[in-house]
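Read top to bottom, the protein sequences are chains A and B.
Throughout the first sequence, residue numbering follows our numbering, covering 273 to 429 in sequence.
Throughout the second sequence, residue numbering follows our numbering, covering 2 to 580 in sequence.
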Amino acid sequence: MKHIISVLVENKFGVLSRVSGLFSGRGFNIETISIGPTLDPTVSQMTIVTTGDERILEQILKQLNKLIDVIKVTDFADKEFVEREMCLIKINTPQEHRSEALRIADIFRARVVDSTQKSYTFQVTGDEKKIEAFIELLKPMGIKEVVRTGKVAITRD
Amino acid sequence: MSNKEITGAEIFLECLKKEKVDTLFCYPGGVVLKIFDILYAQKDLRIILPRHEQGGVHMADGYARSTGKVGVALVTSGPGATNVVTALATAYMDSIPLVVFTGQVPTALIGNDAFQEADIVGITRPCTKYNFLVKDVKELAQTIKEAFFIASTGRPGPVLIDLPRDVVTNKAEFHYPEKVKIRSYNPTVEGNKRQIKQAAEAIAAAKRPVAYIGGGVILSNASREILEFAEMTKVPVTHTLMGIGGFPGTHPLSLGMLGMHGTYYANMAIHNSDLIVAIGARFDDRVTGKVEGFAPEAKIIHIDVDPTSIRKNVRVDIPVVGDVKHVMVELNKELRAIKEPWDAIRKSWQKQIDAWREERPLTYEPSDEVIKPQFVIEKLYELTGGDAIIVTDVGQHQMWAAQFFKYDTPRNWLSSGGLGTMGYGFPAAIGAKVARPDKNVFSISGDGSIQMNIQEIATSIENNIPVKVVILNNRFLGMVRQWQELFYGERYSSVDLGSTPDFVKLAEAYGAIGLRATKPEDVVPVLKEGLKAKKTVFMDFVTARYEKVFPMVPAGASINEMIFGEEKKKEEKKLKVVR
Ligand SMILES: Cc1ncc(C[n+]2csc(CCOP(=O)(O)OP(=O)(O)O)c2C)c(N)n1
Ligand SMILES: [Mg+2]
């Protein structure tokens, strides 16, 4: 099972390795992890996507809580939330594919952020399903590179 | 408070004084010279120079375990720092409060592969409760305050502070904070009232309850509450290796140790119980045996300060997160209110346990030809009346010391339970003797383990810290040999230690006393002489080589599937006594 966990941590040197070390040291998975500042400059926010059964998730949550630099842990399992991921995709665009690529991008509300004679780079935002579907459709044209941010998520009020 | 600026080295010393540290185990080197220069003139701390940094931190650990205070050590950067890793991991696994300072290259050089640089904060992150790299002398006092706070609260543990050379030499005003508050660190102390009430009801309803106590009882100084609990509710008590002394070993309700080398009756009681009250214990695999077969009919109450211990290895029905002492006080209150006729409701269970006790008591085959290791421990118990601090290494001797000596009070048994560190015992015994000079401190060791930190004889002699070392000398890495005998077709690979060194001469070379016993009738006289000795003494007991520790739960078996020692093995008869 996939889980999204949001963690507020002290914005201190070494915090990321404490968190990632916890996962690697205990054989837990990290599927994606993203980190950014919050309104309070002393606090950072991490969104971690992990997999495991209920018992493993319970351990992960408890172990995260136990880390001295962790201020708050939120498990999104029983919450309403919005998740988003951003992805940059560079594709080959020989002349015959260029308009088709733009048409697909339009459907997914992706934007062209860079363009050359031979390539486009798209920026697309959405949940995991949307991004995967977009990548699938572009594949036949020849994808040169994909860079994803990993998920961020926020609860609904 | 004066506004005078002082160096980081002076701040270091002032902070230790504020924390009422009375002993510092420390080993010098380049980047910490400034601190040692300050230590030279001061009179508040006892300074002890070990002969190896690992030994120094094990000493601080022995000091901490035998008193409950925080043990403090200081070493230099690079190799000094990497030398303490095993000792930190040892303390971490057993939740022992330490503050260990390491020197570091100047901040400007960090990351440059400078001379004697090691990323010790990175290296020790998984084996400390927390660690700090101090980057500015202005943060030093606050950091030290936080380190002592973190080490000694919640589930205790070792904390490391890395001190770059410039932080030690630069100056700042000294203010020691009165209090610390770390917003992200708030260990739970009080247990949840409702859960405690549920626990009390379950205890009253149980027909076959067992209390299973671990190191948490010692760490939170809760042995009085455990005694009150057991005597009121008549619940029999078994303990882990770390829980030894948490409940009097001679008490009629004591079942002794459980687990891999636990007693038959403790393991049978656990296996057949309908309620386990786990207190400050963590269901280690050495205790549970095969988890799926563990106590199949039991409900489990688990009291522990660390929520991550709960439901980590076994299912738990009633979890109570909180400091063991606080929770036990509350639980006892609830139980007193229940007023069951405790004696009556426990009668048949007690009878069953007594039957198991009679069926297979803890025993061994005596001999009047060769020294049985268990006999040495028995005699030591008789001669000291149990009034001693026993510190062990790791191996068969450790198990015999746990089985055949009886511990009625906490903090008189020190052993590396979680990590199982050979070489822990002797330095830890030195640390314990420093902390409690009025007690006889025995380091019970094996011929293998003792050689892992034997250099510390010099420390004990030079600093006049007399420790009594009992070597159960089987000329083998005995515990490994036992496994090879039982599970690897007697292929004794890399376990024969031969008969070197001569421990008597070795002790004498260091200026200590050396004694040897080779026959059963030597045992008592050697122990008596050792007891009288005023300085460190090595007692070399040349024991039966092929003796095994029983009962034993083989790896992967359930704890009711014990094996015993009756099937006397042929090679025990063709014993060769070396020398
Ligand atoms: C540092 C370390 N290395 C290896 C081991 C594995 N080990 C466990 S017990 C043991 C044998 C110990 O021999 P000795 O000290 O002579 O004790 P005995 O079992 O013979 O009583 C070994 C090698 C360990 N526990 N610690
Ligand atoms: Mg041995």
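Ideal placement from N, C-alpha and C gives every residue a C-beta, glycine not left out.
| said: Looking at ligand 1, does it come within less than 8 Å of L498 (chain B), judged from the CB to the closest heavy atom? | reply: Within the second sequence, the letter at position 497 stands for residue 498 (chain B). True, at least one ligand heavy atom lies under 8 Å from that Cβ.
- [ ] Identify each residue in the stretch 305-319 of chain A for which the Cβ-Cβ distance to at least one residue of chain B is less than 8 Å, and report them in chain order.
- [x] Along the stretch 305-319 of chain A, none of the residues has a CB nearer than 8 Å to a CB of chain B.
Applying a beta-carbon distance threshold of less than 7 Å, which residues of chain B neighbour G293 (chain A)?
-> By one-based count along the first sequence, residue 293 (chain A) stands at place 21. R126, P127, listed in chain order.
Q. By DSSP, does M273 (chain A) sit in helix, in strand, or in coil?
A. Residue 273 (chain A) sits at position 1 when you count from the first residue of the first sequence. For M273 (chain A), the secondary structure class from DSSP, reduced to helix, strand or coil, is coil.
- [ ] Run down chain A in chain order and give the residues with a C-beta less than 8 Å from the C-beta of K313 (chain B).
- [x] Position 312 of the second sequence, counting from 1, holds the residue named residue 313 (chain B). Contact annotation for K313 (chain B) against chain A: Q331 [CB-CB distance below 8 Å, chain order].
In three-state terms, what does DSSP make of A10 (chain B)?
Numbered from its first residue, the second sequence carries residue 10 (chain B) at position 9. Residue state for A10 (chain B) is assigned as helix, using DSSP reduced to three classes.
Fill in: S416 (chain B) - DSSP class collapsed to helix/strand/coil
Counting from one through the second sequence, the residue named residue 416 (chain B) turns up at place 415. In the structure shown, S416 (chain B) sits in coil (DSSP, three-state: anything other than H, G, I, E or B).
Own chain partners of R383 (chain A) with C-beta closer than 6 Å, once the 5 adjacent residues on each side are dropped
Indexing the first sequence from 1 puts residue 383 (chain A) at position 111. Cβ contact annotation for R383 (chain A) (same chain, cutoff 6 Å, sequence separation greater than five): Q395, in chain order.
Does chain B have any CB closer than 9 Å to the CB of G297 (chain A)?
Along the first sequence, read from residue 1 onward, the residue named residue 297 (chain A) stands at position 25. Answer yes: the Cβ-Cβ gap between G297 (chain A) and chain B drops below 9 Å somewhere.
task: Return the residue from the list B:V71, B:I271, B:E20, B:G123 that minimises the CA-CA distance to S292 (chain A).
output: Position 20 of the first sequence, counted from the first residue, corresponds to residue 292 (chain A). Minimum Cα-Cα distance from S292 (chain A) among the listed residues B:V71, B:I271, B:E20, B:G123 corresponds to B:G123.
Q) Regarding R1 (chain B) and ligand 1, is the C-beta to nearest heavy atom distance less than 8 Å? A) Beyond the ends of chain B as shown, which are 2 and 580, falls residue 1 (chain B); an answer cannot be given.
- Pick from A:A373, A:V354, A:I343 that is closest to E408 (chain A), judged by C-alpha positions: Here residue 408 (chain A) is taken as the residue at index 136 of the first sequence, counted from 1. Ranking the options by Cα distance to E408 (chain A), first place goes to A:A373.
Practice item. Answer yes or no: the CB of N474 (chain B) versus the heavy atoms of ligand 2, is any distance below 8 Å? Key: Counting from 1 along the second sequence, the entry for residue 474 (chain B) is found at position 473. Indeed, a heavy atom of ligand 2 lies less than 8 Å from the Cβ.
* To do: Using a cut-off of 7 Å between C-beta atoms, extract the partners of T309 (chain B) located in chain A.
  => Numbered from 1 along the second sequence, position 308 holds the residue referred to as residue 309 (chain B). Residues of chain A with a Cβ closer than 7 Å to the Cβ of T309 (chain B) are, in chain order, Q331, K334, Q335, K338.
Distance, Cα to Cα, R517 (chain B) vs E509 (chain B)? Counting from one through the second sequence, the residue named residue 517 (chain B) turns up at place 516. Counting from one through the second sequence, the residue named residue 509 (chain B) turns up at place 508. Each residue's Cα considered, the two are about 12 Å apart.
Going by DSSP, name the residue or residues bridged to T24 (chain B).
To locate residue 24 (chain B), count along the second sequence from 1; it is residue 23. B:R47.
| So, L220 (chain B) versus R156 (chain B), is the Cβ gap smaller than 9 Å? | Along the second sequence, read from residue 1 onward, the residue named residue 220 (chain B) stands at position 219. Along the second sequence, read from residue 1 onward, the residue named residue 156 (chain B) stands at position 155. Yes, the Cβ-Cβ distance between L220 (chain B) and R156 (chain B) is below 9 Å.
Q) Around the Cβ of L311 (chain A), are there at least 16 other Cβ atoms within 10 angstroms (buried) or fewer (exposed)? A) Within the first sequence, numbered from 1, the residue matching residue 311 (chain A) stands at position 39. The residue is exposed, with fewer than 16 neighbouring Cβ atoms inside 10 Å.
Q. Roughly how many angstroms separate the alpha carbons of I560 (chain B) and V288 (chain B), rounded to a whole number?
A. Position 559 of the second sequence holds residue 560 (chain B). Position 287 of the second sequence holds residue 288 (chain B). Roughly 8 Å between the two C-alpha positions.
Exercise for the section: Identify every run of the beta strand (DSSP E) within the stretch 252-336 of chain B, keeping only runs that are complete inside it and at least 3 residues long; order them along the chain. Expected result: Runs of the beta strand (DSSP E) inside the stretch 252-336 of chain B: 255-258, 276-280, 300-305, 319-322.
Notebook entry, point to check: When the Cβ atoms of the stretch 255-266 of chain B are set against those of the stretch 419-428 of chain B, are three or more pairs found closer than 8 Å?
Noted result: Of all C-beta pairs linking the stretch 255-266 of chain B to the stretch 419-428 of chain B, fewer than three are shorter than 8 Å, placing the two stretches out of contact.
Worksheet item: Is there contact between the stretch 230-242 of chain B and the stretch 329-347 of chain B, where contact requires at least three CB pairs shorter than 8 Å?
Response: Yes: the two stretches touch, three or more of their Cβ pairs being nearer than 8 Å.
#### Entry: Whole beta strand (DSSP E) elements within the stretch 356-390 of chain A, 3-residue minimum
Listed in chain order, they are 383-387.
Discussion item. Tell me the rounded alpha-carbon separation between K21 (chain B) and Q43 (chain B).
Written reply: Position 20 of the second sequence, counted from the first residue, corresponds to residue 21 (chain B). Position 42 of the second sequence, counted from the first residue, corresponds to residue 43 (chain B). Spanning the alpha carbons of K21 (chain B) and Q43 (chain B) requires a straight line of approximately 14 Å.
Does R184 (chain B) come within less than 9 Å of chain A when only Cβ atoms are used? The count along the second sequence starts at 1 and reaches residue 184 (chain B) at position 183. Closer than 9 Å: yes.
Q. Using a Cβ-Cβ distance under 9 Å, would V241 (chain A) count as near chain B?
A. Residue 241 (chain A) is absent from the model: chain A starts at 273 and stops at 429.
I want to verify the contact list: residues of chain B whose CB lies under 7 Å from the CB of D341 (chain A), in sequence order. If you number the first sequence from 1, residue 341 (chain A) lands on position 69. The answer, in chain order, is S185.
* Under the assumption that V470 (chain B) contacts M540 (chain B) (Cβ atoms under 8 Å), give the Cβ distance between them as a whole number of angstroms. => Your numbering for residue 470 (chain B) matches position 469 in the second sequence. Your numbering for residue 540 (chain B) matches position 539 in the second sequence. Their Cβ separation, rounded to whole angstroms, is 7 Å, which keeps V470 (chain B) and M540 (chain B) in contact under 8 Å.
Next item on the list: Examine chain B for any beta-carbon lying closer than 9 Å to the beta-carbon of G286 (chain A), and answer yes or no.
Entry: Reading the first sequence from its first residue, position 14 is the one you call residue 286 (chain A). Chain B, which has a Cβ nearer than 9 Å to the Cβ of G286 (chain A), makes this yes.
query: If the cut is a Cβ gap below 8 Å, which residues of chain A does Y131 (chain B) touch?
result: In the second sequence, counting from the first residue as 1, residue 131 (chain B) sits at position 130. Simply I340.
- Message: What I want to know is whether the C-beta of L134 (chain B) ends up closer than 8 Å to one or more non-hydrogen atoms of ligand 4.
- Response: Ligands present in the displayed structure are limited to ligand 1 and ligand 2, and ligand 4 is not among them.
- Message: Along the stretch 99-123 of chain B, where does the CB come closer than 8 Å to a CB of chain A? Name the residues.
- Response: For the stretch 99-123 of chain B, the residues whose beta carbon sits under 8 Å from a beta carbon of chain A are, in order, V122, G123.
Which of the three DSSP states is assigned to T385 (chain B) in this structure? If you number the second sequence from 1, residue 385 (chain B) lands on position 384. In this structure, DSSP gives T385 (chain B) a helical state, which the three-state scheme calls helix.
Fill in: Segment contact flag, the stretch 381-396 of chain B with the stretch 527-540 of chain B, C-beta cutoff 8 Å, min 3 pairs
Judged by Cβ distances under 8 Å, the stretch 381-396 of chain B makes contact with the stretch 527-540 of chain B, as three or more pairs qualify.
At 4 residues or longer, what runs of the alpha helix (DSSP H) sit wholly inside the stretch 481-544 of chain B? The alpha helix (DSSP H) runs lying completely inside the stretch 481-544 of chain B and spanning 4 residues or more are 504-510, 524-533, given in chain order.
task: In angstroms with no decimal places, state the Cα-to-Cα distance between F295 (chain B) and A142 (chain B).
output: In the second sequence, counting from the first residue as 1, residue 295 (chain B) sits at position 294. In the second sequence, counting from the first residue as 1, residue 142 (chain B) sits at position 141. Cα to Cα, the separation comes out at about 48 Å.
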